[in-house]
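In this note's numbering, the protein residues as written are 112 to 519. Below you'll find the structure, written out as structure tokens, and then a few comments.
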Amino acid sequence: MTQQKYNIFTLPNGLRIVHRQTEGHVSYAGVVIKAGSRDEPECRHGLAHFVEHTVFKGTLHRSGWNINNRMESIGGELNAYTSKEETVIYTNSPAGHTERAFELLYDLIAFASFPRKEVERERDVVIEEIYSYLDNPGESVFDEFEDRIYAGSALGRTILGSVYSVGELTPDDCRSFIRDLYRPADMVVYCADPSPASKIEALASRYFGRLDFPGSGIRRTPPPAATRFSETLPRQGHQAHTLYGARVFGRDDSRSHALFLLNNYLGGPGMSSVLNQQLRERRGYVYTVDSNVSLLSDCGLWTVYLGSDLRSVEKCIKIIDREIAQLASDRLSGRRLERAKRQYIGQLQVASDHRESMAMSMGKSLAYFGEIHDIDWLSEKIQAVTADEIRDVAALLAPDRCSRLTIC
Numbered sequence: 112m113t114q115q116k117y118n119i120f121t122l123p124n125g126l127r128i129v130h131r132q133t134e135g136h137v138s139y140a141g142v143v144i145k146a147g148s149r150d151e152p153e154c155r156h157g158l159a160h161f162v163e164h165t166v167f168k169g170t171l172h173r174s175g176w177n178i179n180n181r182m183e184s185i186g187g188e189l190n191a192y193t194s195k196e197e198t199v200i201y202t203n204s205p206a207g208h209t210e211r212a213f214e215l216l217y218d219l220i221a222f223a224s225f226p227r228k229e230v231e232r233e234r235d236v237v238i239e240e241i242y243s244y245l246d247n248p249g250e251s252v253f254d255e256f257e258d259r260i261y262a263g264s265a266l267g268r269t270i271l272g273s274v275y276s277v278g279e280l281t282p283d284d285c286r287s288f289i290r291d292l293y294r295p296a297d298m299v300v301y302c303a304d305p306s307p308a309s310k311i312e313a314l315a316s317r318y319f320g321r322l323d324f325p326g327s328g329i330r331r332t333p334p335p336a337a338t339r340f341s342e343t344l345p346r347q348g349h350q351a352h353t354l355y356g357a358r359v360f361g362r363d364d365s366r367s368h369a370l371f372l373l374n375n376y377l378g379g380p381g382m383s384s385v386l387n388q389q390l391r392e393r394r395g396y397v398y399t400v401d402s403n404v405s406l407l408s409d410c411g412l413w414t415v416y417l418g419s420d421l422r423s424v425e426k427c428i429k430i431i432d433r434e435i436a437q438l439a440s441d442r443l444s445g446r447r448l449e450r451a452k453r454q455y456i457g458q459l460q461v462a463s464d465h466r467e468s469m470a471m472s473m474g475k476s477l478a479y480f481g482e483i484h485d486i487d488w489l490s491e492k493i494q495a496v497t498a499d500e501i502r503d504v505a506a507l508l509a510p511d512r513c514s515r516l517t518i519c
């Protein structure tokens, strides 16, 4: 799909909007804010996620109940999530209610009031969420791994924060976070619905054109070089939960497409992935295995997750290292490379058929890259990956660059 299929424009306050006119009976709209957990003040760990929770608890014009009911009363939804580098507040609704969605999103961002009683009540909810992660080693191993591989950086802190740090957060902290970091220039509004472009431009200007948080802006420091580690944390569980992986480059690096293709070939979601065949189907070492790439603005991670018996962990690591070493020394044959491309592109095409994910992806793409990287664009990039590029990227995942953490 060409860029001409998207209506992209910038308001005088610097806020960008992307709209795609779609067929169907559902409208998707949201705001991507380039502010996440790595942008919190050091003494306010968990603040970005806490703001995401409490922004729904009241504005100068609405109570929390009215906020929640605004989209639900027409059969729609209002929700949000926080990551290391972004906060996304989004809606879906029957087509024809885009103005309702835009007005509500604007009200939440511009006039969130963070009522003290509601903040205190929601604090308990967030603390229970923290405990639920701590009780689940399959989840907490990811936070523990990042704490070590990003040591000395805000990226090493969990998105949720700690029980202590969340207990210290105040309504004023929440207001300051929005005032300082929710700058229009660091935000993108996206919309996918049947409305014509002219209507979306008028609605976006009417509401979001009034946003004016000058703020201090995002100031990120790249994390220091990683120190390798190999640790086992006893938690008196039966299954061993292991992450094994290495720091890699950021999302703007031209090698990212080769890395994503390599990752999918090794440990993608299909049963035919190399690691699933080697570790589960042929040897029965693991209950589950998958690999993942997570790229940020200035760095990234490649990891493999293993759910296995503790006695199998080292055997699994040796097989992973062997497969990586083979890819780093021998070029994939043309037949295997084309098969890997066909599978990965097919998976991307299937995923792109989910309209809500498509809408959100175009908002994030504009926020991070300044253009839309849709399925057609991605397919072209994957098709262009060469066997030499796969080999070069595999060399970045050598054993002397990888770390391991096991919780059992």
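Glycine included, each C-beta is placed from N, C-alpha and C at the ideal position.
Identity of the residue in the options nearest residue i by Cα
i	options	result
VAL504	ALA369, GLY186 and ALA357	ALA369
LEU344	SER365, PRO248 and ALA436	PRO248
ASP323	LEU122, VAL237 and GLN458	LEU122
ASN387	VAL415, GLY141 and PHE340	VAL415
LEU215	LEU314, GLY381 and LEU407	LEU314
ALA478	SER367, LEU126 and HIS465	LEU126
ALA223	PHE161, PRO334 and SER468	PHE161
GLU342	ALA212, THR133, GLU151 and CYS519	CYS519
TYR455	ASN177, PRO380 and GLY445	PRO380
TYR318	LYS310, PRO333, PHE256 and PHE213	PHE213
PHE120	VAL400, ARG321, SER309 and LEU280	SER309
GLY328	ASN118, LYS116 and PRO152	PRO152
LEU158	TRP176, ILE238 and ILE178	ILE238
ILE220	THR281, GLU250 and PHE288	PHE288
VAL404	ILE241, SER367 and GLU425	SER367
ILE241	LEU171, GLU231, GLU257 and SER273	SER273
GLU425	THR281, LEU516, GLU197 and GLU255	LEU516
Integer Cβ distance of residue i from residue j, believed to fall under 8 Å
i	j	result
LEU372	ILE493	6 Å
LEU266	ARG149	5 Å
ARG286	GLY326	Contact doesn't hold; Cβ gap of about 12 Å is too wide.
PRO334	SER264	3 Å
Beta-carbon contacts of residue i that lie in its chain and below 6 Å, excluding the five residues immediately before and after
i	result
TYR192	VAL199
MET473	VAL129, TYR301 and ILE483
PRO510	ASP432
ILE501	ALA369, LEU373 and LEU443
MET112	For MET112, the predicted model reports a pLDDT of 41, less than 50, meaning its position is unreliable and no value from the coordinates is stated.
ASP364	none
ARG268	HIS156
LYS475	VAL143
MET469	SER463
ILE178	PHE167
Host beta strand (DSSP E) of residue i (start-end)
i	result
CYS302	298-304
ASN124	Careful: ASN124 lies outside any beta strand (DSSP E) and carries neither H nor E.
SER405	397-406
GLY278	Run containing GLY278: none in the beta strand (DSSP E); it sits in the alpha helix (DSSP H), 274-278.
VAL461	Here VAL461 belongs to no beta strand (DSSP E); instead the alpha helix (DSSP H) covers 445-463.
ARG358	351-359
GLU188	188-193
ASN179	No beta strand (DSSP E) holds ASN179; the alpha helix (DSSP H) holding it covers 175-183.
TYR63	The structure shown has nothing for residue 63, since the chain only spans 112 to 519.
LEU339	This sequence places Arg at residue 339; Leu is not what is there. Run containing ARG339: none; DSSP gives neither H nor E here.
Contact under 8 Å by Cβ, residue i with residue j
i	j	result
ARG358	CYS410	yes
ILE435	GLN389	no
HIS164	GLU229	no
SER138	HIS208	yes
LEU354	PHE253	yes
ALA262	THR338	yes
MET471	TYR201	yes
ARG259	SER514	yes
ALA506	ALA439	yes
ASN118	PRO295	no
GLY522	PRO205	Residue 522 lies beyond the residue range present for the chain, which begins at 112 and ends at 519; the question has no answer from this structure.
ASP284	LYS145	no
Range covered by the alpha helix (DSSP H) that runs through residue i
i	result
LEU372	367-378
PRO248	248-260
GLY474	466-480
ARG234	227-245
PRO282	282-292
ARG317	308-318
Sequence-distant residues of the same chain with beta carbon closer than 7 Å to residue i, five excluded per side
i	result
ARG173	ASP218
GLY361	LEU406, LEU407, SER408, ASP409, CYS410 and GLY411
PRO226	LYS168 and GLY169
ASP420	ALA351
GLU392	none
LEU245	SER251
Contacts around residue i, its chain only, beta-carbon distance under 8 Å, and the 5 residues preceding and following it disregarded
i	result
LYS195	GLY147, SER148, ARG149, LEU266, ILE270 and LEU407
ARG466	THR133, GLY135, VAL137, TYR139 and ALA303
ARG181	ARG173, LEU189, ARG211 and LEU215
GLN460	ILE486 and SER490
Min CB distance residue i to chain B below 8 Å
i	result
THR121	Note that chain B does not occur in the displayed structure, where there is just one protein chain.
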